[in-house]
DNA sequence: CCTCCTGATAGCAGCGACTGCCATCAGACT
DNA sequence: AGTCTGATGGCAGTCGCTGCTATCAGGAGG
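Residue numbers (my numbering), protein chains in the order written: chain E, 4 to 205; chain R, 4 to 205.
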């Protein structure tokens with residue numbers, strides 16, 4: 004029984020998150036996850052490259068969504084507005100599943116391995132969005148810059164949002180963060196409208 | 004012999020990087036590193052929490068340096084200029100040791116575990132710089148925003164610099180990146196000088 | 001209905017990362 | 001010399017993860 008049942012990866016991911024939430028990441032073994040999903044440990048490591056990865060199973064779809072948002076936007080939308088739209092939509096999705104987001108956040112911040120993988124996943128998301136920007140005609144350096152910056156702003160907004168998710172609006176916090184960042188950047192040496200090259204030393 | 008010799012962490016770090024460069028990260032065992040530094044595997048894992056960490060032994064000092072740069076700057080320097088100065092100095096240091104930087108870069112980009120730890124270390128650097136900014140009176144959200152953004156710009160600049168380190172100037176690339184980013188951010192909805200709150204949805 | 005073929009799974013064996021435990025040892029201190 | 005303390009060697013064991021092989025479910029063909 005249990006063998007050949009559909010969606011093995013999904014079952015494993017569900018079992019894993021449940022176990023992680025119940026007894027922590029470290030105290031959950033690969034064999035336990037597999038057993039709860041009705042399969043052998045060996046199959047678990049065939050379906051997922053490592054124990055951390057199963058925790059982030061859902062982000063694959065989220066990343067595809069973000070890329071799709073950028074790709075579907077009209078060509079005349081500025082690159083910064085395109086990434087902002089993609090990330091803002093992710094913000095809304097997260098806010099619609101506040102409970103799940105909080106559980107995941109608690110697990111991630113409690114475990115160094117998950118925190119590292121979380122960083123890595125966000126870097127991957129940024130790279131994917133940058134590529135999507137490039138296909139809309141944005142120059143590669145600017146695309147990377149904007150994508151990674153947007154993700155950084157998102158992470159900080161998310162972190163602060165989790166402190167009080169009920170009374171704060173995540174998409175708004177993200178957009179405000181982008182605005183604040185733009186202001187703070189423009190406040191550099193000589194204020195806004197300075198020439199592109201700012202180098203002084205050397 | 005070998006026991007009680009000075010600077011055991013430094014010796015381990017040196018031995019580790021040499022072995023990693025010679026035979027790769029995965030094919031180097033903890034026992035080999037320890038043996039080359041003249042000690043037991045058990046001592047290696049007592050001095051470093053894991054095999055990845057020994058590779059980043061040098062960044063501790065680099066991080067302290069960056070924090071010191073920010074702390075030592077006059078109070079009237081804008082926050083963005085303070086982080087920029089810290090990161091720019093790190094750029095110069097790296098450029099003065101181009102060969103070592105390239106070896107390290109090759110190892111990091113060849114191995115997923117090192118890549119993850121590298122991301123993690125840069126996040127730590129950003130957090131440390133943000134804290135240094137806060138102690139200079141910068142508001143925490145802005146400090147975090149600027150620090151993480153600066154680090155992101157640095158990483159992208161570094162990545163592109165490694166493609167041709169001889170004919171490019173890393174500090175200049177970083178500063179240009181910051182400038183490009185500021186322009187691209189300001190190019191959003193309605194151009195520069197737009198009100199701080201940009202929220203639309205909801 | 002039986003057979004073959006293919007891809008997924010079970011199950012075992014084994015390596016390496018990492019940890020807890022305890023005996024041991026160098027050097028400082030008295 | 002005696003003691004005390006912190007660092008080290010060394011053993012045993014768990015767990016993440018992998019290669020290999022036998023086995024199994026289901027589809028294609030007879």
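We treat Cβ as the ideally placed atom computed from N, Cα and C, and that holds for glycine.
How about residue i and residue j: are their beta carbons less than 8 Å apart?
| i | j | result |
| --- | --- | --- |
| residue 146 of chain R | residue 82 of chain R | yes |
| residue 64 of chain E | residue 174 of chain E | no |
| residue 150 of chain E | residue 136 of chain E | yes |
| residue 115 of chain R | residue 57 of chain R | no |
| residue 111 of chain E | residue 117 of chain E | yes |
In chain R, which residues lie with their C-beta within 7 Å of the C-beta of residue i?
| i | result |
| --- | --- |
| residue 145 of chain E | 183, 187 |
| residue 148 of chain E | 156, 159, 180, 183, 184, 187 |
Considering Cα atoms alone, identify which of the options is closest to residue i.
| i | options | result |
| --- | --- | --- |
| residue 48 of chain E | E/37, E/58, E/41 | E/37 |
| residue 66 of chain E | E/108, E/134, E/20 | E/134 |
| residue 79 of chain E | E/187, E/141, E/177, E/52 | E/141 |
| residue 94 of chain R | R/139, R/39, R/176 | R/176 |
| residue 100 of chain E | E/191, E/153, E/61, E/87 | E/61 |
| residue 143 of chain R | E/168, E/187, E/132 | E/187 |
| residue 12 of chain R | R/31, R/41, R/24 | R/41 |
Please classify residue i: is it buried, with 16 or more other beta-carbons within 10 angstroms of its beta-carbon, or exposed?
| i | result |
| --- | --- |
| residue 55 of chain E | buried |
| residue 185 of chain E | buried |
| residue 164 of chain E | buried |
| residue 71 of chain R | exposed |
| residue 16 of chain R | buried |
| residue 152 of chain E | buried |
| residue 2 of chain R | Missing from the structure shown is residue 2 of chain R; chain R here goes from 4 to 205 and no further. |
| residue 107 of chain E | buried |
| residue 178 of chain R | buried |
| residue 166 of chain E | exposed |
| residue 84 of chain E | buried |
| residue 89 of chain R | buried |
Compute the Euclidean distance between the alpha carbons of residue i and residue j, then round it to the nearest angstrom.
| i | j | result |
| --- | --- | --- |
| residue 170 of chain R | residue 98 of chain R | 11 Å |
| residue 96 of chain E | residue 14 of chain R | 49 Å |
| residue 120 of chain E | residue 128 of chain E | 12 Å |
| residue 148 of chain E | residue 156 of chain R | 6 Å |
| residue 43 of chain R | residue 34 of chain R | 7 Å |
| residue 27 of chain R | residue 39 of chain R | 15 Å |
| residue 87 of chain R | residue 22 of chain E | 44 Å |
| residue 109 of chain R | residue 124 of chain R | 17 Å |
| residue 161 of chain E | residue 180 of chain E | 11 Å |
| residue 103 of chain R | residue 29 of chain R | 20 Å |
| residue 51 of chain E | residue 68 of chain R | 40 Å |
| residue 190 of chain E | residue 182 of chain R | 12 Å |
| residue 122 of chain R | residue 126 of chain E | 8 Å |
| residue 75 of chain E | residue 139 of chain E | 10 Å |
Below 8 Å on C-beta distance, what does residue i contact in chain E?
| i | result |
| --- | --- |
| residue 84 of chain R | 191, 192 |
| residue 122 of chain R | 119, 122, 123, 126 |
Determine the chain R residues that contact residue i at a beta-carbon separation under 8 Å, and present them in chain order.
| i | result |
| --- | --- |
| residue 117 of chain E | Chain R residues near residue 117 of chain E: none, gap ~11 Å exceeds 8 Å. |
| residue 135 of chain E | The contacting residues do not exist; residue 135 of chain E stays about 16 Å from chain R at best. |
Can you tell me whether residue i sits near the ligand MG, meaning its C-beta is under 7 Å from at least one heavy atom of the ligand?
| i | result |
| --- | --- |
| residue 15 of chain R | Annotation note on the ligand MG: not contained in the displayed structure, which lists no ligands. |
Starting from the beta carbon of residue i, find every residue of chain E whose beta carbon is closer than 9 Å, and list them in chain order.
| i | result |
| --- | --- |
| residue 151 of chain R | 152, 155, 156, 158, 159 |
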